[in-house]
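Undergrad: Each residue of the sequence shown is one higher than the last, beginning at -2 in this note's numbering. Got a structure here, written out as structure tokens. Questions coming.
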Amino acid sequence: MSYLKRPEELMCARSILIDIAVNPQEEKCDRLVLVFKLAKTTEVLSNLIVEIFESSGIVPNIFVDTASLLGEYVAKVLGTELREYSEQRSKHGLEPLPIRFLEG
-2 MSYLKRPEEL MCARSILIDI AVNPQEEKCD RLVLVFKLAK TTEVLSNLIV
48 EIFESSGIVP NIFVDTASLL GEYVAKVLGT ELREYSEQRS KHGLEPLPIR
98 FLEG
């Protein structure tokens, strides 16, 4: 998995995502683009979001910005990946991800 081959880049991306979650009022455009460049794929980005949620209980709600900055396709794929994860959590009696998904 490429997720483990680039730990420095991914730790940086993870830190930025946590900052976006903790400081949502701050401008996040440049930070979100950098996160996606570091993650390189929606799968890695969704894995980072899931890992942050599972380890800390916080979720960076980035979907409106994702669509405008990275494109509708990226936002829909990311939303689908996280929606599937959230549904699996619900099926197992766990709290779903507390985020609004882009409908599409």
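The C-beta atom is built at its ideal place from N, Cα and C for all residues, glycine as well.
1. Determine the burial state of serine 12: buried for a count of at least 16 other Cβ atoms within 10 Å of its Cβ, exposed for fewer.
2. Out of Ile59, Ser83, Val19, point me to the one whose CA is closest to valine 32's CA.
3. Name the two residues that bound the continuous alpha helix (DSSP H) containing threonine 38.
4. I think leucine 29 touches valine 56, with their Cβ atoms under 8 Å apart; what is that distance to the nearest whole Å?
5. Please look up how many angstroms separate the CB atoms of glutamate 78 and glutamate 51, rounded, as I've assumed it's under 8 Å.
6. Using a Cβ-Cβ cut-off of 6 Å (strictly less than) and excluding sequence neighbours within five positions of leucine 67, which residues of its own chain qualify?
TA: Let me lay it out:
1. Under the 10 Å beta carbon count, serine 12 is surrounded by fewer than 16 other beta carbons and is classified as exposed.
2. In this structure, Ile59 is the residue among Ile59, Ser83, Val19 with its C-alpha nearest to the C-alpha of valine 32.
3. Here threonine 38 belongs to no alpha helix (DSSP H), and DSSP marks it neither H nor E.
4. Rounded, the Cβ-Cβ distance is 14 Å, inconsistent with contact.
5. That pair is no contact at about 15 Å.
6. Answer for leucine 67: Phe33, listed in chain order.
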